[in-house]
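Asker:
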Amino acid sequence: MWRATVLTIFPEMFPGPLGLSLAGKANAAGLWSLDTIDIRDHAGDKHRSVDDTPAGGGPGMVMKADVLARAIDAAAADDARPRLLMSPRGRPLDQAKITSLVQAAGVVIVCGRFEGVDERVIEGRGLEEVSIGDYVLSGGEIAALVVLDACVRLIPGVMGEAGSSVEESFAEGLLEYPHYTRPQTFEGRPIPEILLSGDHAKVAAWRRAQAESMTRARRPDLWETYAARRVHKKTTEG
Ligand code: SAH
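For reference, each letter of the sequence shown is one residue, going 5 to 242 in our numbering.
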C-alpha cells in the first residue's frame, strides 16, 4: 500500500477532497493510506507553541526547528520514504516528479505555515523543498493536497481506464489534444469530421498534430524541450 504521512497544524484539513471520488474510493479499497501528524502534539510547552519570532527581526513568525524535528522523528524516523517540505522556494512540481513519488513506498509531507520553517530543520531532516507554482499560499496544506491528488490517481488500480494516464497532458511532454462528445453539433459547432471517420490511424495523427500545435502556441517552454528531444531521437535512430 502507498503510504502518505502529512505533518500539519491543521490535521482537520485532511483528507478533505481526497476523501471523495477516485482518491476516496481508492483509500477505502486499501490502495493508499493517509495519516496526519498534528505538529502541535510535539510542542514542548503548555501553550503548545509551534512558532516563534524570527531571529534578526522582521514581520511574522517562524516554525520552530525543535518541535518540527520531533514531529518528523515521531512520524518517520527510520523511513525510506521521500520527505517533502511544501515551499514557494522549492523546485516547481511537474509530472515527472509525481511519477517518481508514486514509485516510492509513499511520501512524508511537511506543511509550512507563518513565514516558513527554521532552515536548520530542512537541513537536519533532509527535507526536499517542492513548490506548486510561483505564487504564495497561506500554508502548505493545499499544496500537499495537490501533490497527493496527482500521485494517488497514478497508483495502479485507481484510475478506471489504464490507458488514460499514458495519453494525457505532459505524458510525452505535450499538452493534450482537444476532446469532443455528443451532441454532434453544439450551437452550430460540429465535431471535427475526422473524429467520426472511424479511421484510427487518421484520428491518432490528427490528435498528435493538435497536441503539437497547442503546445507550441501555449507553452513554448515545453515545446522547446519536446522538439529538441524529437531531433535527438531522429539522429540517434537514423
Ligand atoms: N514567507 C514565505 C512564504 C510563506 S507562506 C516566502 O516568502 O517564501 C507559508 C507556507 O505556505 C510555506 O511555508 C509553505 O509551506 C506554503 N506555501 C506557500 N506557497 C507555496 C507554494 N507556492 N508551493 C508550496 N507551498 C507553498
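Don't be surprised by glycine CBs; every beta carbon is placed ideally from N, CA and C.
1. If you measure between the beta carbons of ARG124 and ALA59, is that distance less than 8 Å?
2. Can you give me the Cβ contacts of GLU216 inside the same chain, cut-off strictly under 7 Å, excluding the 5 residues immediately before and after it?
3. In terms of residue numbering, what span does the beta strand (DSSP E) encompassing ALA8 cover?
4. On a CA-only basis, which of GLY137, MET163, THR229 is nearest LEU94? Give me that one, please.
5. Near ARG74, what residues of its chain come up, given a Cβ to Cβ distance below 6 Å and the 5 sequence neighbours on each side ignored?
6. Report buried or exposed for ASP55, applying the criterion of at least 16 other Cβ atoms within 10 angstroms of its Cβ.
7. Relative to the C-alpha of ALA213, which candidate in THR240, PRO182, PRO63, LYS50 has its C-alpha closest?
8. In terms of residue numbering, what span does the beta strand (DSSP E) encompassing THR1 cover?
9. Under a Cβ-count criterion, where at least 16 other Cβ atoms within 10 Å of its own Cβ denotes burial, should GLY61 be classed as buried or exposed?
10. Nearest by alpha-carbon distance to ILE76: which of GLY116, LYS101, THR103 is it?
11. Measuring straight from C-alpha to C-alpha, what distance separates ARG193 and GLY34?
12. For GLY48 and VAL71, which I take to be in contact (beta-carbon distance under 8 Å), what is that distance rounded to the nearest angstrom?
13. Under the rule that 16 or more other beta-carbon atoms within 10 Å means buried, what is LEU288, buried or exposed?
14. Going by DSSP, what residues sit across from ASP56 in a beta bridge?
15. Looking only at C-alpha atoms, which of VAL134, VAL121, PRO160, SER173 sits nearest to LEU149?
16. Assign MET90 to one of two classes, buried (16 or more other C-beta atoms within 10 Å of its C-beta) or exposed (fewer than that).
17. I need the DSSP call for VAL140, collapsed to helix, strand or coil.
18. Look at VAL111 and ALA27 and say whether their C-beta atoms are less than 8 Å apart.
19. Going by C-alpha distance, which of LEU88, PRO63, LEU22, MET5 is nearest LEU11?
20. Within 10 angstroms of its Cβ, does VAL121 collect 16 or more other Cβ (buried), or is it exposed?
21. Just curious, the beta strand (DSSP E) that VAL235 is in, first and last residue?
22. To the nearest angstrom, report how far apart LYS50 and SER173 are at their CA atoms.
Answerer: Judging by the given coordinates:
1. No Cβ-Cβ contact shorter than 8 Å links ARG124 with ALA59.
2. Around GLU216, the same chain offers LEU178 as residues with beta carbons nearer than 7 Å, after the five sequence neighbours per side are excluded.
3. Per DSSP, ALA8 is one residue of the beta strand (DSSP E) stretching across 6–12.
4. According to the sequence shown, residue 94 is Gly rather than Leu. Checked all of GLY137, MET163, THR229; the closest Cα to GLY94 is GLY137.
5. For ARG74, where only same-chain residues beyond five positions count, the Cβ hits under 6 Å are HIS46.
6. A residue is called buried once 16 or more other Cβ atoms fall within 10 Å of its Cβ, and ASP55 is buried on that count.
7. Closest option to ALA213, Cα to Cα, is PRO182.
8. Look at the range of the chain in this structure, 5 to 242, and you will see that residue 1 is not part of it.
9. By the 10 Å Cβ count, GLY61 comes out exposed.
10. Comparing Cα-Cα distances from ILE76 to each of GLY116, LYS101, THR103, the minimum goes to GLY116.
11. So the alpha carbons of these two residues sit roughly 44 Å apart.
12. Confirmed, Cβ separation roughly 7 Å.
13. Look at the range of the chain in this structure, 5 to 242, and you will see that residue 288 is not part of it.
14. Looking at the DSSP assignment, ASP56 forms a beta bridge with VAL66.
15. Answer by Cα proximity: VAL134.
16. So MET90 counts as buried.
17. If DSSP states are grouped into helix, strand and coil, VAL140 belongs with coil.
18. No.
19. Per the Cα distances, LEU88.
20. Classification of VAL121: buried, given that the 10 Å Cβ count is 16 or more.
21. It is not in any beta strand (DSSP E) - VAL235 instead sits in the alpha helix (DSSP H) that spans 224–241.
22. Approximately 49 Å between the Cα atoms of the pair.
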